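Some notes on the structure that comes next.
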Amino acid sequence: MASAHSIPSIEERFEFTSGAKRNLIIGGAIGAALVVVGIYLAAQPGGHHEAEAAHGAVNAITGHAAAASHEAAGHAVEEHHVSWLTRIWANIWVNAVYFTGISVVGMFFISYNYLAQAGWSAVFKRVPEAMPAFLPITGVIMLLVFIFGGHDLFHWTHSEVYEVGGPEYDEVLAGKHGYLNTPFFVGRLIFYFVAWYFMWRKIRQFSLEEDQIGGTELYDKSIRLGTAFLVIFGVTSSTSAWDFVMSIDPHWFSTMFGWYTLASWHVAGLAVITLTVVMLRERGYLKAVNSSHLRDLGKFVFAFSIFWTYVWFAQFLLIYYANQPEEIIYFIERFRGHGSIFKAPFFITLFLNFFLPFLVLMTRDSKFTHSILKVACWSVIIGHYMDFYTNIMPGSAGDTAGFGPLEWGFFLVFICGFVWSMATQLEKANLIPKHHPMLEESLHHDIA
279 MASAHSIPSI EERFEFTSGA KRNLIIGGAI GAALVVVGIY LAAQPGGHHE
329 AEAAHGAVNA ITGHAAAASH EAAGHAVEEH HVSWLTRIWA NIWVNAVYFT
379 GISVVGMFFI SYNYLAQAGW SAVFKRVPEA MPAFLPITGV IMLLVFIFGG
429 HDLFHWTHSE VYEVGGPEYD EVLAGKHGYL NTPFFVGRLI FYFVAWYFMW
479 RKIRQFSLEE DQIGGTELYD KSIRLGTAFL VIFGVTSSTS AWDFVMSIDP
529 HWFSTMFGWY TLASWHVAGL AVITLTVVML RERGYLKAVN SSHLRDLGKF
579 VFAFSIFWTY VWFAQFLLIY YANQPEEIIY FIERFRGHGS IFKAPFFITL
629 FLNFFLPFLV LMTRDSKFTH SILKVACWSV IIGHYMDFYT NIMPGSAGDT
679 AGFGPLEWGF FLVFICGFVW SMATQLEKAN LIPKHHPMLE ESLHHDIA
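Structure, rendered in structure tokens:
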């Protein structure tokens, strides 16, 4: 049904103002200050008391408490240094993995819209198109963290676990050594980012050229490239989830984990797209985006919040019902392990990622109301950060983990960097793709 309202001008240029840059710099500086405060607190002798208590309890159970106490006295300073340094590496890894997913979902979104030859999203296409520009940043960060801190985060990087007959020999990890080894892991990591980024660069090039020359040739090329990306991402989204997250707990496995991680990345990316569109409209941009576009974006966030919950519950229920020790340890560690550090984040994640967005986006009108969309999107963005936190931190930082200035500081630094990257890309081209073949359909999008 065609809309009767007048169509605003499609000539819009986003301006990344000095005020916006200043605010992001201030936000990043506050984040960096919180990181410094967090490091100071974590480095204090009292900041490691939970880990020492847990360590002593384990030693008491095994009957070696006395010997361990002498060893701990000799190595307390070294162990304490390693503990807070591991927590830093783990926090950087959590944020890098999370924002990698949000970034690549921008390419995922425009690719499946190209494949479906969808017209409704053409008017705000430049928003998801700007998101993958952050991939080189997170890719370099993850490579450096693995090189310098991978030994602290990934148990399978320790050579002694593969020495047959040695005291640290691990039969399970030895069986996975063909896949979980440093050269192959680094090769896969580089491949993911190179493939994702350069496919995005090409589709971005087609989009910008289309603004100049029009026609359907570049659109057809974009469909083919987007389809190829979906095939590659269909595989690499799962393998990267195994590498970046599941291999931190190398004895645990779940055949649903690839889908689970993709669902988490996807709904967080959709929340970023929706929130960005809403905030641009509030600043006078994207006048051609109407309530029907917003309602469809709200439906996406609503639907995939439910889908993530479905995958989460299906994975949990199967493991709970089977009650296999090698599987249930993953959830026991988050419910009762490490001094119950992760119990609160675990349940807060469910509330922020399902209950709150489900309740606030349930009604029809809420899906295009700016204030409600912003609440739902921020809930999803923060909730899925905490989802990755509870997935990664127990196996990497363990008892040394926490949730304080260090965690929020790193999150703030990363989100300010991501917004800066997006804003820089949005500034480079007209906000609305002027010669997109489906633009006319998008401008008249009306589902009322």
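Residue numbers (the numbering used here): 279 to 726.
The beta-carbon is built from N, C-alpha and C at its ideal position, and this holds for glycine as well.
Everything numeric in this text was worked out from a predicted model, so none of it was measured.
Simplified DSSP state of residue i, which is helix, strand or coil
i, result
"N631", "helix"
"E441", "coil"
"M534", "coil"
"N459", "coil"
"F432", "coil"
"H571", "helix"
"I619", "coil"
"T416", "helix"
"Q322", "coil"
"P410", "helix"
"A394", "coil"
"H741", "Missing from the structure shown is residue 741; the chain here goes from 279 to 726 and no further."
"N601", "coil"
"H723", "coil"
"P715", "coil"
"A541", "helix"
"S399", "coil"
"S492", "The question names Ser, but residue 492 is Gly in the sequence shown. Residue state, collapsed to three classes: coil."
"A298", "helix"
"H342", "Unreliable placement is indicated for H342, whose pLDDT of 35 sits below 50; the coordinate value is still reported in the next sentence. If DSSP states are grouped into helix, strand and coil, H342 belongs with coil."
"K454", "coil"
"K565", "coil"
"M557", "helix"
"G682", "coil"
"T587", "helix"
"A332", "Bear in mind that the predicted position of A332 carries a pLDDT of just 35, short of 50, making it too unreliable to give a figure here."
"M385", "helix"
"V405", "helix"
"L639", "coil"
Bridge partner(s) assigned by DSSP for residue i
i, result
"R612", "R612 is not bridged to any residue."
"N708", "R291"
Given residue i as reference, the closest of the options once Cα atoms are compared
i, options, result
"A298", "V555, V372, G676, M700", "M700"
"T552", "A541, L572, N568", "L572"
"C655", "L639, Y667, N669", "L639"
"P410", "V314, W434, V383", "V383"
"E253", "A452, L548, N669, S381", "Nothing in the structure corresponds to residue 253, since the chain is present only between 279 and 726."
"G305", "G695, G680, K706", "G695"
"F585", "A600, L548, K621, H616", "L548"
"I388", "K454, H429, F484", "F484"
"I650", "P635, T435, I659, I660", "P635"
"G576", "A592, Y563, A566, V550", "V550"
"M385", "G512, L421, V423", "G512"
"N669", "Y599, W590, G562, G682", "W590"
"I303", "I693, T416, V372", "I693"
"S381", "T416, I370, Y588", "T416"
"E718", "V401, V375, F294, N373", "V401"
"A473", "V450, S518, F666", "S518"
"D489", "I725, M716, D724, H722", "M716"
Buried or exposed by the 16-neighbour rule on C-beta atoms within 10 Å, applied to residue i
i, result
"N631", "buried"
"R614", "exposed"
"Q703", "buried"
"R300", "exposed"
"L595", "exposed"
"E289", "exposed"
"N568", "buried"
"Y392", "buried"
"E407", "buried"
"G316", "buried"
"G687", "buried"
"P461", "exposed"
"S500", "buried"
"T533", "exposed"
"Y663", "buried"
"L637", "exposed"
"P623", "buried"
"Y497", "buried"
"A351", "Per-residue confidence for A351 stands at a pLDDT of 32, beneath the threshold of 50, marking its modelled position as unreliable; no derived number is given."
"T678", "buried"
"S399", "buried"
"E685", "buried"
"G379", "buried"
First and last residue of the uninterrupted alpha helix (DSSP H) at residue i
i, result
"N669", "648-674"
"Y447", "Element bounds for Y447: n/a, residue is neither H nor E."
"A506", "495-522"
Closer than 7 angstroms: residue i CB and nearest the ligand GDP heavy atom
i, result
"V383", "Among the components of this structure there are no ligands whatsoever, and the ligand GDP is therefore not found."
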